[in-house]
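Worksheet: the structure to be examined is printed underneath.
Chains as they are written, first to last, in UniProt numbering: chain A, 1 to 200; chain B, 1 to 163.
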């Protein structure tokens with residue numbers, strides 16, 4: 001990923017992330033009736049271990065929501081919220097913070113619904129940008145060690161190389177300091193379709 | 001002291017060490033940790049298997065990544081250090097079903113397949129599988145103590161089990 005063409009593609013991916021996530025953040029802000037900020041997304045090629053380091057420590061408790069994206073350019077979306085952010089998000093959504101190391105069905109559903117909104121608006125934004133069809137699927141859920149959930153999710157989405165291409169960003173709700181990581185992992189061939197739709 | 005006594009194994013990798021070194025891999029989900037211990041030499045190794053079968057992939061592969069290539073690789077390495085295959089004690093940890101939701105069993109069945117392939121390879125090589133803590137739906141940290149051969153398994157909430 002060193003030459004000019006590849007850099008251009010990484011920039012294009014970053015821009016896709018920017019548009020998709022801005023749309024998702026707006027949808028979440030409307031849903032929660034709060035201001036949601038986002039960091040400028042990065043498109044990066046990194047190793048599994050580096051992704052984990054970006055987020056936190058491998059044994060840290062996180063919630064991880066996994067959504068398949070079907071349509072013209074399939075891929076997967078993963079959201080990671082650390083324990084503190086999971087609790088704050090749940091408090092905003094349900095009025096009740098989670099306690100302990102398990103989440104009940106109701107809390108898990110609330111988090112899944114949030115990610116449904118985020119992924120749906122991300123897919124919609126990229127869809128209208130590229131003219132391609134993106135459909136987000138029913139979310140899967142895990143509340144466990146960061147390394148265990150994230151690697152399992154990435155492997156399930158077909159990331160088998162040592163190096164992974166991801167769009168990564170943070171969503172931040174200022175007052176409550178909710179920090180969430182967002183990863184978009186395109187399936188093989190999907191990036192080419194997105195790029196050619198964009199004329200790159 | 002801790003840093004020189006503890007070796008850390010990343011995903012699709014392995015480490016070899018002798019007493020009193022501890023070899024650890026953090027947060028196994030669908031991946032399987034396979035530990036190898038020679039009680040006579042107090043020599044151990046820990047492999048972090050990511051996928052079951054290298055034959056599904058073409059081109060250059062990293063043998064440590066797969067059960068079918070990683071396990072024989074580690075055994076050969078230990079043999080170079082004087083281990084006899086017949087004296088190795090093997091333990092397995094991980095292979096969990098981490099996600100729940102509609103279709104999770106089929107989308108996320110990699111843990112199950114990892115466990116099955118590891119067992120098949122262990123069997124084929126005639127190795128002794130002396131303990132296992134596999135399946136379920138919890139992420140696990142695995143620590144091999146090369147002074148005893150004990151494997152400590154940690155799940156979230158600091159719940160610890162020694163196998």
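Quick reminder that beta carbons are idealized off the backbone N, C-alpha and C, glycines included.
Simplified DSSP assignment, three categories, for residue 2 of chain B = Low per-residue confidence applies at residue 2 of chain B: pLDDT is 48, beneath 50, and the placement is therefore not dependable, though the value from the model is reported in the following sentence. Three-state DSSP puts residue 2 of chain B in a helix.
- Query: At what residues does the beta strand (DSSP E) containing residue 195 of chain A begin and finish?
  - Reply: No beta strand (DSSP E) holds residue 195 of chain A; the alpha helix (DSSP H) holding it covers 190-197.
Select from A/77, A/28, A/73 and A/51 the residue whose C-alpha is nearest the C-alpha of residue 38 of chain A. Nearest Cα to residue 38 of chain A within the set A/77, A/28, A/73 and A/51: A/28.
Next item on the list: Check whether the Cβ atoms of residue 62 of chain A and residue 149 of chain A lie closer than 8 Å to each other.
Entry: Yes, these two residues count as a Cβ contact at 8 Å.
Item checked: Within chain B, the residues that residue 139 of chain A reaches when beta carbons sit closer than 8 Å -> Here the neighbours are 101.
Three or more beta-carbon pairs under 8 Å between the segment 88-108 of chain B and the segment 129-137 of chain B, yes or no?
-> Yes, since at least three Cβ pairs between the segment 88-108 of chain B and the segment 129-137 of chain B fall closer than 8 Å, the two stretches touch.
- Task: Identify every run of the alpha helix (DSSP H) within the segment 53-95 of chain B, keeping only runs that are complete inside it and at least 4 residues long; order them along the chain.
- Result: If one requires a minimum length of 4 residues, the alpha helix (DSSP H) runs lying completely within the segment 53-95 of chain B are 67-80, in chain order.
(request) Evaluate contact between the segment 36-52 of chain B and the segment 69-80 of chain B, counting only Cβ atoms and requiring at least three cross-stretch pairs below 8 Å. (result) Touching, yes.
Going by Cα to Cα distance, which pick from A/159, A/181 and A/41 is closest to residue 83 of chain A? Ranking A/159, A/181 and A/41 by Cα distance to residue 83 of chain A puts A/181 first.
Please tell me whether residue 172 of chain B has its Cβ less than 8 Å away from any Cβ of chain A.
It is not possible to answer for residue 172 of chain B, since the shown part of chain B is limited to 1 through 163.
* **Proximity to residue 51 of chain A [Cα-Cα], best of A/141, A/197, A/185 and A/195** => The shortest Cα separation from residue 51 of chain A among A/141, A/197, A/185 and A/195 belongs to A/185.
Next item on the list: Pick helix, strand or coil for residue 31 of chain B, following the three-state DSSP scheme.
Entry: In the structure shown, residue 31 of chain B sits in coil (DSSP, three-state: anything other than H, G, I, E or B).
- Task: Assign residue 42 of chain A to one of three DSSP states: helix, strand, or coil.
- Result: Three-state DSSP puts residue 42 of chain A in a strand.
- Show which residues of chain A have a CB atom less than 7 Å away from the CB atom of residue 31 of chain B. Scanning chain A for C-beta atoms nearer than 7 Å to the C-beta of residue 31 of chain B yields 151, reported in chain order.
Exercise. Could you confirm whether any beta carbon from chain B is found closer than 8 Å to the beta carbon of residue 183 of chain A?
Key: Taking Cβ atoms only, chain B never reaches closer than 8 Å to residue 183 of chain A, which makes this a no.
- Anything in chain E within Cβ reach of residue 26 of chain B, meaning under 7 Å, just list it in chain order. In the structure shown, chain E does not exist; the protein chains are A and B.
### Query
DSSP state of residue 201 of chain A, grouped into three classes?
Examination of residue 201 of chain A is not possible in this model, given that chain A is present from 1 through 200 alone.
| task | Kindly list, in the order they appear in chain A, the residues whose Cβ is closer than 7 Å to that of residue 98 of chain B. | result | 142, 144, 148, 149 and 152, listed in chain order.
I want to see whether chain A comes within less than 8 Å of residue 22 of chain B, judged by CB atoms only; does it?
It does not; no Cβ of chain A falls within 8 Å.
Review point. Is the beta carbon of residue 156 of chain A less than 8 Å from the beta carbon of residue 142 of chain B?
Key: Contact: no.
Original post:
Can residue 65 of chain A and residue 93 of chain A be called in contact, C-beta distance under 8 Å?
Top reply: Cβ atoms of residue 65 of chain A and residue 93 of chain A: not closer than 8 Å.
*asked:* I'd like to know if residue 190 of chain A contacts chain B, where contact means its C-beta is closer than 8 Å to some C-beta of that chain.
replied: Residue 190 of chain A does not count as touching chain B.
Contact under 8 Å by Cβ, residue 152 of chain B with residue 162 of chain B = Yes. Within cutoff.
Chain A contact for residue 70 of chain B (CB, 8 Å cutoff) | No, residue 70 of chain B does not count as interfacial toward chain A.
Practice item. Give a yes or no on whether 8 Å exceeds the smallest Cβ distance from residue 138 of chain B to chain A. Key: Chain A, which has a Cβ nearer than 8 Å to the Cβ of residue 138 of chain B, makes this yes.
- Task: Let me know the secondary structure DSSP gives residue 1 of chain A once reduced to three states.
- Result: A caution first: residue 1 of chain A carries a pLDDT of 46, below 50, which makes its placement in the model unreliable, though a value can still be read off. Secondary structure at residue 1 of chain A: coil, using DSSP grouped into helix, strand and coil.
**Request:** Could you check if residue 123 of chain B is buried or exposed, using at least 16 other CB atoms within 10 Å of its CB as the buried criterion?
**Result:** Counting Cβ neighbours within 10 Å, residue 123 of chain B comes out exposed, since fewer than 16 surround it.
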